[in-house]
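Residues in the sequence shown are numbered consecutively from 653, following the working numbering. Even for Gly, the Cβ is constructed at its ideal location relative to N, Cα and C. Presented below is the structure to which this report refers.
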Amino acid sequence: MKKVLVGPLWDFDFGFGKRDGSSDQDFFYTEGVYFYNKSNANEPGESYFVRFFKDTEFRLEYKKRWNEIKNSISDIDAFIQGIGVYLQKSSIENKEVWTQNLNHAEQINRMRTWLKERITYLNTQINNF
């Protein structure tokens with residue numbers, strides 16, 4: 653199987669549980685897998701990725717790769733804490749532009765909790781392919 657490269661990286665709202673038009677109150681969804689359990693892809697980008705997950709060989713390679721890297725994902729928690737400290741001053745300016753109900757520390761803790769729960773959920777889903 654050949655590698656597929658996708659990029660550039662851009663906006664991670666959907667990647668970290670944000671739903672379009674949602675408030676901070678319903679920001680973090682830990683369940684649901686957008687690309688491989690969606691049967692009615694409406695957008696060109698959606699249908700592109702949905703097709704990958706319909707391919708058995710791709711799913712097996714995806715599962716294999718996930719199991720190779722899943723234990724190193726725990727390093728992300730320390731990264732989130734560190735980058736949270738680094739961005740603390742910027743969060744003040746960000747709050748002036750974007751309405752937010754949580755303070756910076758609460759948002760960092762929420763992200764850390766969400767990520768742990770999301771990894772657990774994804775691990776179950778992927779290993780049930």
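- Considering only E745, S699, I735, the residue with the shortest C-alpha distance to N761 is I735.
- The shortest C-alpha to C-alpha distance from Y700 to any of W718, K716, N746, V658 is the one to V658.
- Note on R770: 16 or more other CB atoms within 10 angstroms of its CB, so buried under the neighbour-count rule.
- When rounded, the separation of the alpha-carbon atoms in S726 and E683 is 19 Å.
- For Q777, the enclosing alpha helix (DSSP H) begins and ends at 756-779.
- Counting the other Cβ atoms within 10 Å of the Cβ of M653 gives fewer than 16, which makes it exposed.
- DSSP places K655 in the coil class of the three-state scheme, outside both helix and strand.
- Apart from sequence neighbours up to five positions away, the residues of its chain that approach I732 with a beta-carbon distance below 8 Å are I760, M763, R764, L767, ordered along the chain.
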